[in-house]
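Reviewing the structure listed below.
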Amino acid sequence: MEGNRKGLISFEMIYWIARVMFLIIVIVSIIFLVRMYIKGHTDTESVEMTMMINHFLYSPDSIMYYDEIAGRPMPGIIDIDKLNELTLDRAFYFGEKNTMAAAKIELYDIKNSLVKEAMYNKIYYERWIPLAGKSGAGAVAEKDFETLVVYKSGKTFNNGIMRIKVLIPKS
Amino acid sequence: MGRLSQKRGVTAVETTLLVVFEIFLVLAVGASLMFYVNKVKEDTLFQKIHHVKDLSFLVEAMHSVPGNTLFFYNESFGFKYKFSPNRLEITETGIALGSVYYWLAENLNLNFIYPEEILGPGLKNETDLVFKKAQDFEINPSDQNIDFRICPVIETSEETPVAIKSDSESLKGFLLGNEVSVSESGSPLIILKYSYVEGVEIYMPGDIKSMKLACLISNELKKEGINSAILPSDSAELKGKTAVLIESDSNLKIERQIAQGVKRYFEWKETEKD
């Protein structure tokens, strides 16, 4: 009789271990299912890069030509005198240490010869360019944009091509 | 026989206690999971992250617009917003921790007015955030982050003398110096009282013209770095009139700016915006 009681007790203990393990699996599954639907991070690099390109092209305080006589900026016309680092850095200022974005703007003439280039946040552009287009932590998202523009050089207006490369770190 | 002897090894009390314990365990686990799910449901972290990025991108988009812009953002969720140079921080009202921030791109070449609560009817919604970008807005260059009110747009360029009740004669002198005529039976009515208040308090009855006058006076004071509060009043002195009652300490600079505000009230045509 005592042997049967000991057997019963040990059976109960094994049964309890199985029960507790099953309970843990259920709890973990519910928590996992709930957390699967929680999203704390939004990937907005693409939107930011597009906005930055639009800012360079259309903001009157960026590289766009401002007609004094008409009294308004002219979208699509680039003032070559404004295409420099100082103008770009002031037009899109993220503070003294800018770890948000970097860009390179190249202006070509219609024969595809480089007329002028300028960088926004030059220090970080040169640091990030080797990481551009890679995947994983620490990588940098890049976006290339090309458009036909008219640029004002001196008193003349010329057709040209503008190429913009924007880099934004993923982390 | 073997089975009967096994059953004798476990009493009814033990079995019952075991069942009660199992029920308790089920309830405890169920309750804690429900509590966890509820906590996740009420969490506002994602809301704040979405909101802060939305506002940040809105500011950047406004910088890109080739012209002056005024934008009413009517999706505020009752959070507290703090705009500081290059940074927007969102905190839940009443909770010190859990703030979320994101970077703001600043355009150093133009004036950008970050939002504050707007005042009065005629504008969209009192709880909207209002962003303003202006190239030709007059601003004190030494104080770039000054907040101005956006005043009601209403025609007030009629030439009538102003009525004043003041504890001193200097306000009348400043008004006459700004080519604003003064008369006992004029409109609007400006009442200036000296009292020991911090800053300036401007009381007005609530009609739109008084609101505009109070707003313009407040903005002129702000240009000199003087903060002012605009408060509604149902005082008999102001009732039924276009009037403001200003309480401040005795200060010539305040009186000069009040006169400037009154001058703008008469000069400002409906086509212009402040």
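Just so you know, the sequences run in chain order A and B.
Read left to right, the first sequence gives residues 1 to 171 (our numbering).
Read left to right, the second sequence gives residues 172 to 445 (our numbering).
Even for Gly, the Cβ is constructed at its ideal location relative to N, Cα and C.
Local conformation of residue i per DSSP, three classes
i	result
residue 372 of chain B	strand
residue 290 of chain B	For residue 290 of chain B, the predicted model reports a pLDDT of 35, less than 50, meaning its position is unreliable and no value from the coordinates is stated.
residue 43 of chain A	coil
residue 148 of chain A	strand
residue 209 of chain B	helix
residue 199 of chain B	helix
residue 236 of chain B	coil
residue 160 of chain A	strand
residue 275 of chain B	coil
residue 50 of chain A	helix
residue 141 of chain A	strand
residue 255 of chain B	strand
residue 327 of chain B	coil
residue 37 of chain A	coil
residue 339 of chain B	coil
residue 170 of chain A	coil
residue 307 of chain B	Confidence is the limiting factor: at residue 307 of chain B the pLDDT is only 41, short of 50, which leaves the residue's position unreliable, though a coordinate-based value still follows. Coil.
residue 358 of chain B	coil
residue 215 of chain B	coil
residue 182 of chain B	coil
residue 351 of chain B	coil
residue 270 of chain B	coil
residue 62 of chain A	coil
residue 155 of chain A	coil
Cβ-based burial, residue i [other Cβ within 10 Å; buried from 16]
i	result
residue 253 of chain B	exposed
residue 187 of chain B	exposed
residue 359 of chain B	buried
residue 121 of chain A	buried
residue 192 of chain B	exposed
residue 41 of chain A	exposed
residue 219 of chain B	buried
residue 104 of chain A	buried
residue 130 of chain A	exposed
residue 210 of chain B	exposed
residue 162 of chain A	buried
residue 146 of chain A	exposed
residue 293 of chain B	Any reading at residue 293 of chain B must be qualified, since the residue scores a pLDDT of 35, below 50, and its modelled position is unreliable; the value itself is stated next. With fewer than 16 other Cβ atoms within 10 Å, it is exposed.
residue 35 of chain A	exposed
residue 183 of chain B	exposed
Any C-beta of chain B under 8 Å from that of residue i
i	result
residue 76 of chain A	no
residue 145 of chain A	no
residue 60 of chain A	yes
residue 121 of chain A	no
residue 30 of chain A	yes
residue 169 of chain A	no
residue 138 of chain A	no
residue 54 of chain A	yes
residue 22 of chain A	no
residue 157 of chain A	no
residue 164 of chain A	no
residue 39 of chain A	yes
Beta carbon proximity, residue i to chain A, threshold 8 Å
i	result
residue 188 of chain B	no
residue 235 of chain B	yes
residue 271 of chain B	no
residue 222 of chain B	no
residue 507 of chain B	As displayed, chain B neither begins before 172 nor continues past 445, which places residue 507 of chain B out of reach and without an answer.
residue 257 of chain B	yes
residue 191 of chain B	no
residue 244 of chain B	no
residue 207 of chain B	yes
residue 316 of chain B	Only weak support exists for where residue 316 of chain B lies, its pLDDT of 41 falling under 50; the value from the coordinates is given anyway. Taking Cβ atoms only, chain A never reaches closer than 8 Å to residue 316 of chain B, which makes this a no.
residue 211 of chain B	yes
residue 435 of chain B	no
residue 385 of chain B	no
Residue of the options minimising C-alpha distance to residue i
i	options	result
residue 140 of chain A	A:113, A:165, A:33 and A:150	A:165
residue 322 of chain B	B:436, B:201, B:340 and B:235	B:436
residue 92 of chain A	B:276, B:397, B:261 and B:270	B:276
residue 333 of chain B	B:217, B:271, B:250 and B:433	B:433
residue 20 of chain A	B:185, B:183, B:200 and B:184	B:200
residue 255 of chain B	B:244, B:362 and B:272	B:272
residue 262 of chain B	B:380, B:223 and B:205	B:223
residue 376 of chain B	B:367, B:396, B:355 and B:417	B:417
residue 422 of chain B	B:257, B:400 and B:337	B:337
residue 144 of chain A	A:98, A:168, A:13 and A:83	A:168
residue 368 of chain B	B:356, B:406, B:391 and B:420	B:420
residue 378 of chain B	B:409, B:278 and B:235	B:409
residue 123 of chain A	A:100, A:133, A:17 and A:54	A:100
residue 500 of chain B	B:342, B:328, B:278 and B:183	The first residue shown for chain B is 172 and the last is 445, placing residue 500 of chain B beyond what the model contains.
residue 356 of chain B	B:349, B:331 and B:366	B:331
Inset, instruction - Can you check the segment 64-134 of chain A for any alpha helix (DSSP H) of at least 4 residues that lies completely inside it and give the ranges in chain order? - result: 85-91 and 122-128
Inset, instruction - Return the chain-ordered ranges of every beta strand (DSSP E) run that is complete within the segment 368-425 of chain B and spans a minimum of 3 residues. - result: 371-375, 399-403 and 414-419
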